[in-house]
Amino acid sequence: MSRALWLLILSLFSLTFTLSASSSSWGSRSILRAVNTDNADVHDYAVELNATNFDEVLRDTPASFAVVEFFAHWCPACRNYKPHYEKVARLFNGPDAVHPGIILMTRVDCASKINTKLCDNFSVGHYPMLFWGPPSKFASARWEPTQTKSDIRVIDDGRTADRLLSWINKQTGSSFALDDQKFENEHLSSNVSDPGQIARAVYDVEEATSTAFEIILGHKMIKSNTRASLVKFLQLLVAHHPSRRCRKGSAEVLVNFDDLCPLDMWSADRQEDQDVQAALGNFQICGRDVPRGYWMFCRGSKNDTRGFSCGLWVLLHSLSVRIEDGESNFAFTTICDFVHNFFICEECRRHFYDMCSSVSTPFNKSRDFALWLWSAHNKVNERLIKEEASLGTADPKFPKMIWPLRQFCPSCYLSRSQKNDGIEWDQDEVFKFLKEYYGKTLVSLYKDKGINGNDGTNRVLEDLVPSTNAIVVPLGAALAVAVASCAFGALACYWRSQQKSRKYFHHLRSLKNI
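Letter by letter, the sequence shown follows residues -20 to -1, 1 to 494 in mature numbering (1 follows the signal peptide of the UniProt record, and there is no 0).
In structure tokens form, the structure reads like this:
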């Protein structure tokens, strides 16, 4: 055999081995994507699901409807249909969606073995096969062609982007078009007149929490002088975040914080900052990476308005009305320190911390702290109203305003509505409104879906120890648990005994609400 032929055989063997190794580490779908460089810059808008996340994503999405495409990656017709499906998905999915929060467009690859049972449950008989229905109805569901009554329907006329969108328009009574570009917040225009719209902000609170955590890691803001501030804020989130999955995710970060971010990591012989940020980034602080970016309540009519800052304010207000009296000053100092150390807008951070510094007497009641935060927010709005008016930077559909509006809370306004050129408030009524608005109403949509309730002490243990038998309580993050259960009380005592030397021990008496 000639030397040239041997070289050819060796080259082919090397190529086969390389592709095989890549397949075992990435998966066959990843190889196909890596080889397909012609469309490397094409963004997929439809969310690809599999059997491990199908139920969770569809149960938790804020969208009112869902489209699920069952396909096979080897199917030529499916590959040819994908551009049509993506044209429609562009309108509804992702942070730049034209009409966000209405329809979640998804797909499931039935050629992947992990999805075999899932595809069987929906009696997938051809590719591609499209289904329509309320997202939560897909979770743990089955569909049979012989079913006469079902919330899930087959889309029988969606072979092109135009026909699919026309079918969707008929179901929703809408007039969406493929060339729609600018989102005008048409389905959120009732924010100003309907206080119930705040229920949609629970998803924005989750998005704001995740975004804040990503900013902290992305800008490497965890330092020796900011570490304790972050630990205290995580404690507050574990006990009082309005979203159960954010409470759970925060707890996972908290119980692993000492291992991931030890106190001596900033010493001269420890150069692990980058590795630590990467390790913390592996945690999803609000659970798995379900589709986000909708800004349901907080989306502005322009891309650079509202969004994250609005979601963060809603989070802070929701924390203020969920704490108990004994935690009010801890919550105040924790939020002030968090904004001072981690809010990246320098002017906003300085103004907020100036308001914090002006407080001379500790808060003893949760009411006092909630009203202080409400007053601080109105002071911020007063300042921004003037600045945005002079610069022309206000959101035309969502201008800054003094809160709450009279139509939301008539009883919040005293009979003499003006005093010294300002509003005279009935603060007792304001506090009642805040408790209802940022407390019960905010989480009402979550409760309707059954994913936010208080599940008792067994749920607490399940949440705090999701994947390990040993609980490592972080330095400065020891969690004291006070509940009626003797077993859980014993666990709390054990934690205390193990953490006597910890520096930043704090009693979170409301951990029972996780």
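Glycine included, each C-beta is placed from N, C-alpha and C at the ideal position.
Whether residue i touches residue j by CB criterion (8 Å)
i, j, result
"G287", "G280", "yes"
"T421", "A179", "yes"
"R133", "G113", "yes"
"L216", "A311", "yes"
"M85", "A26", "yes"
"P125", "A46", "no"
"G74", "M276", "no"
"C266", "R302", "no"
"R87", "F51", "yes"
"L295", "T189", "yes"
"L351", "V410", "yes"
"G153", "W147", "no"
Alpha-carbon to alpha-carbon, residue j and residue i
i, j, result
"H79", "S337", "42 Å"
"K380", "C99", "49 Å"
"D142", "Q151", "14 Å"
"R386", "C392", "7 Å"
"V211", "F237", "8 Å"
"V233", "S209", "14 Å"
"E186", "L144", "31 Å"
"V218", "N309", "17 Å"
"K412", "G229", "30 Å"
"Y183", "N262", "21 Å"
"H320", "L197", "16 Å"
"A91", "F34", "16 Å"
"D375", "E368", "9 Å"
"G407", "P222", "One point to set straight first is that residue 407 is Gln, not Gly, in the sequence displayed. Cα-Cα distance, rounded: 24 Å."
"K203", "C241", "9 Å"
"P56", "D89", "13 Å"
"T96", "W293", "44 Å"
"L243", "H23", "41 Å"
"P42", "F323", "27 Å"
"D239", "I315", "24 Å"
DSSP-derived helix/strand/coil call for residue i
i, result
"W275", "coil"
"F34", "helix"
"Y25", "coil"
"G153", "coil"
"G113", "strand"
"V182", "helix"
"R286", "strand"
"V134", "strand"
"S418", "Note that residue 418 corresponds to Tyr in the displayed sequence, not to Ser. Looking at Y418 - three-state DSSP - the assignment turns out to be helix."
"P129", "Here residue 129 turns out to be Lys, not Pro, going by the sequence shown. If DSSP states are grouped into helix, strand and coil, K129 belongs with coil."
"F413", "helix"
"F312", "helix"
"H320", "helix"
"I94", "helix"
"Q177", "helix"
"N101", "helix"
"Y333", "helix"
Contact belief for residue i with residue j at Cβ below 8 Å, rounded distance in angstroms
i, j, result
"L414", "H331", "No, L414 and H331 are not in contact; Cβ-Cβ is about 22 Å, not under 8 Å."
"P108", "E49", "5 Å"
"S346", "E304", "6 Å"
"N358", "I382", "5 Å"
"D131", "K117", "4 Å"
"F318", "F213", "4 Å"
"residue 497", "T140", "Here the chain comprises residues numbered -20 to 494, so residue 497 is not present and cannot be evaluated."
"F102", "W123", "5 Å"
"D160", "L71", "6 Å"
Short CB-CB distance (under 8 Å) between residue i and chain D
i, result
"F50", "Among the chains in the structure shown there is no chain D, since it carries only a single protein chain."
| message | Please give me, in chain order, every unbroken run of the alpha helix (DSSP H) with length at least 4 that falls completely inside the stretch 41 to 89. | response | 56 to 72
| query | Which runs of the beta strand (DSSP E) spanning at least 3 residues fall entirely within the stretch 336 to 407, listed in chain order? | reply | 393 to 399 and 402 to 405
| task | Output the residue ranges of the alpha helix (DSSP H) runs that lie fully inside the stretch 190 to 241 and measure 4 residues or longer, sorted by chain position. | result | 207 to 220, 224 to 235 and 237 to 240
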